[in-house]
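*Asks:*
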Amino acid sequence: MSHPLQAFAPLISDLGFYPVLPDADGVQRLLPWGVRTLQLRCKSTDRQYIAQQVRTAVAAARSHPGSQLFINDHWQLALAEGAYGVHLGQEDWAALGDADRAALLASGLRLGLSTHTQAELERAKTARPSYLAIGPVYPTTLKVMPYAPVGLEQLALWTQQAAPYPVVAIGGISLERMAGVLACGVNGVAVVSAVTQASDPQAAAQAGLALVASAVGRRHLRETR
Numbered sequence: 003m004s005h006p007l008q009a010f011a012p013l014i015s016d017l018g019f020y021p022v023l024p025d026a027d028g029v030q031r032l033l034p035w036g037v038r039t040l041q042l043r044c045k046s047t048d049r050q051y052i053a054q055q056v057r058t059a060v061a062a063a064r065s066h067p068g069s070q071l072f073i074n075d076h077w078q079l080a081l082a083e084g085a086y087g088v089h090l091g092q093e094d095w096a097a098l099g100d101a102d103r104a105a106l107l108a109s110g111l112r113l114g115l116s117t118h119t120q121a122e123l124e125r126a127k128t129a130r131p132s133y134l135a136i137g138p139v140y141p142t143t144l145k146v147m148p149y150a151p152v153g154l155e156q157l158a159l160w161t162q163q164a165a166p167y168p169v170v171a172i173g174g175i176s177l178e179r180m181a182g183v184l185a186c187g188v189n190g191v192a193v194v195s196a197v198t199q200a201s202d203p204q205a206a207a208q209a210g211l212a213l214v215a216s217a218v219g220r221r222h223l224r225e226t227r
């Protein structure tokens with residue numbers, strides 16, 4: 003994996019509570035609830051539909067200052083719409099040619115890369131991304147994962163090894179598990195079903211934001227002692 007001559011643009015703020023959403027409607031609903039970091043992971047095979055979803059989601063995020071919206075996989079559409087960032091898997095990044103990587107870098111888009119093993123973590127660091135995702139932290143039924151769960155002890159270790167890049171934890175993380183994950187020193191916690199399958203998505207989102215705020219407060223307290 004060749005790496006860019008310079009680093010991708012840094013995040014404008016901590017990743018914090020980071021819902022991963024299947025459509026632009028979810029993005030539009032969560033932004034007014036105070037969520038500022040989101041990912042659009044649209045799994046449709048209809049290119050026209052995906053383009054419309056990306057366009058709508060990017061416009062919604064743009065109307066909420068401080069938003070960090072990442073587009074999963076569809077980097078060309080993200081580039082065309084002037085999105086804040088893209089999130090790519092290891093295979094997607096490895097498949098990009100030098101010209102495509104240069105275009106992404108020159109655009110100013112933030113880049114997030116998935117990692118599942120220590121080797122993938124080290125490889126992803128050579129891309130000098132905006133952040134790294136580590137997972138699955140816990141078993142997840144949302145997608146078939148050929149990787150063993152990372153677990154909290156390993157998550158804490160890999161988060162240190164990922165430095166200087168911020169880390170978002172992902173995979174099987176419920177609201178009940180968030181405090182333990184945040185204690186591992188991660189910059190953010192990505193959730194899927196904790197919001198999308200919640201009986202009250204707004205209450206779930208607000209609970210997630212509160213958990214992150216509490217963890218950040220405790221961290222600042224420790225740092226000032």
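In terms of my numbering, the sequence shown opens at residue 3 and continues consecutively. Even glycine gets a Cβ: it sits at the ideal position worked out from N, Cα and C. Predicted model, so just to flag it, every value in this text is computed and none were measured.
1. Hey, is the stretch 156–169 in contact with the stretch 192–211, meaning 3+ C-beta pairs nearer than 8 Å?
2. Have a look at Asp27 and Ser46 and give me their C-alpha separation to the nearest angstrom.
3. In whole angstroms, give me the CA-to-CA distance for Pro34 and Gly173.
4. Would you mind sorting Ser176 into buried or exposed? The rule is 16 or more other CB atoms within 10 Å of its CB.
5. CB Gln92 to CB Glu124, shorter than 7 Å?
6. Would DSSP call His73 helix, strand or coil?
7. Mind checking Met3: buried by the 16 CB within 10 Å criterion, or exposed?
8. Identify, in the order they occur along the chain, each residue of the same chain with its Cβ nearer than 6 Å to the Cβ of Gly58, setting aside the five sequence neighbours on each side.
9. Can you give me the C-alpha to C-alpha distance between Gln50 and Glu155, rounded to a whole angstrom?
10. Quick one: what's got a C-beta closer than 7 Å to Ala158's C-beta in the same chain, skipping five residues either side?
11. Measuring only the C-alpha atoms, how far is Val170 from Asn189?
12. Could I get the ranges of all uninterrupted beta strand (DSSP E) runs contained in the stretch 118–154, with 3 residues as the minimum, in chain order?
13. Would DSSP call Val37 helix, strand or coil?
14. Exposed or buried, what is Arg112 when buried is set at 16 or more other beta-carbons lying within 10 Å of its beta-carbon?
15. Return the Cβ separation of Ala207 and Leu13 in integer angstroms, given the expectation that the two are a contact with Cβ distance under 8 Å.
16. Excluding the five sequence neighbours on either side, which residues of its own chain have a C-beta within less than 7 Å of the C-beta of Ile52, listed in chain order?
17. Under the assumption that Ser109 contacts Leu134 (Cβ atoms under 8 Å), give the Cβ distance between them as a whole number of angstroms.
18. Among the residues of its own chain, which have a CB less than 6 Å from the CB of Ala1, if the five just before and after it don't count?
19. Restricting to Cα atoms, I'd like to know which of Asp48, Val88 and Gln30 is closest to Arg64.
20. Output the distance between the C-alpha atoms of Gly99 and Thr142, rounded to the nearest integer angstrom.
21. Find the nearest neighbour of Ala209 within the set Val193, Arg224 and Leu115, judged by alpha-carbon distance.
*Replies:* Answer, in terms of the structure:
1. A contact is defined here as three or more CB-CB pairs under 8 Å, and the stretch 156–169 fails this definition with respect to the stretch 192–211.
2. Here residue 27 is taken as the residue at index 25 of the sequence shown, counted from 1. Here residue 46 is taken as the residue at index 44 of the sequence shown, counted from 1. Cα to Cα, the separation comes out at about 14 Å.
3. By one-based count along the sequence shown, residue 34 stands at place 32. By one-based count along the sequence shown, residue 173 stands at place 171. C-alpha separation (whole angstroms): 25 Å.
4. Counted from its first residue, the sequence shown places residue 176 at position 174. With fewer than 16 Cβ atoms within 10 Å of its Cβ, Ser176 is classed as exposed.
5. Start at 1 with the first residue of the sequence shown, and residue 92 comes out as number 90. Start at 1 with the first residue of the sequence shown, and residue 124 comes out as number 122. No, these two residues do not count as a Cβ contact at 7 Å.
6. The residue you call residue 73 lines up with position 71 of the sequence shown. According to the sequence as given, residue 73 is Ile; it is not His. In the three-state DSSP reduction, Ile73 falls in the strand class (E or B).
7. To locate residue 3, count along the sequence shown from 1; it is residue 1. At Met3 the pLDDT is 47, less than 50, meaning the model places this residue with poor confidence and gives no usable figure here.
8. Your numbering for residue 58 matches position 56 in the sequence shown. The amino acid occupying residue 58 in the given sequence is Thr; Gly does not appear at that position. These residues qualify, in order along the chain: Ala26.
9. The sequence position of residue 50 within the sequence shown is 48, counting from 1. The sequence position of residue 155 within the sequence shown is 153, counting from 1. A direct Cα-Cα distance of roughly 43 Å separates Gln50 from Glu155.
10. Against the sequence shown, residue 158 aligns to sequence position 156. Sequence-distant Cβ neighbours of Ala158 in its own chain, meaning closer than 7 Å and more than five residues away, are Cys186 and Gly187.
11. Along the sequence shown, one-based indexing puts residue 170 at 168. Along the sequence shown, one-based indexing puts residue 189 at 187. Spanning the two alpha carbons is a distance of roughly 6 Å.
12. As far as the stretch 118–154 is concerned, its whole beta strand (DSSP E) runs of at least 3 residues are 133–136.
13. Here residue 37 refers to the residue found at position 35 when the sequence shown is read from its first residue. Note: Val37 maps to coil in three-state DSSP.
14. Numbered from its first residue, the sequence shown carries residue 112 at position 110. Sixteen is the threshold: when 16 or more other Cβ atoms of the shown chains lie within 10 Å of the Cβ of Arg112, as they do, the residue is buried.
15. The count along the sequence shown starts at 1 and reaches residue 207 at position 205. The count along the sequence shown starts at 1 and reaches residue 13 at position 11. Going by Cβ atoms, the distance from Ala207 to Leu13 rounds to 20 Å, so no, they are not a contact pair.
16. Position 50 of the sequence shown, counting from 1, holds the residue named residue 52. Cβ neighbours of Ile52 beyond the five flanking positions: Cys44, Ser46, His76 and Leu79.
17. For this step, residue 109 is matched to residue 107 along the sequence shown. For this step, residue 134 is matched to residue 132 along the sequence shown. That belief does not hold up - the Cβ atoms of Ser109 and Leu134 are roughly 20 Å apart, past 8 Å.
18. Limits of the chain in this structure are 3 at one end and 227 at the other, which puts residue 1 out of reach.
19. As a position in the sequence shown, residue 64 is number 62, starting the count at 1. The residue with the shortest Cα to Cα distance from Arg64 is Gln30.
20. As a first step, residue 99 is located in the sequence shown; it is residue number 97 there, counting from the start. As a first step, residue 142 is located in the sequence shown; it is residue number 140 there, counting from the start. Roughly 32 Å separates the two Cα atoms.
21. Within the sequence shown, the letter at position 207 stands for residue 209. Here the closest residue by C-alpha is Val193.
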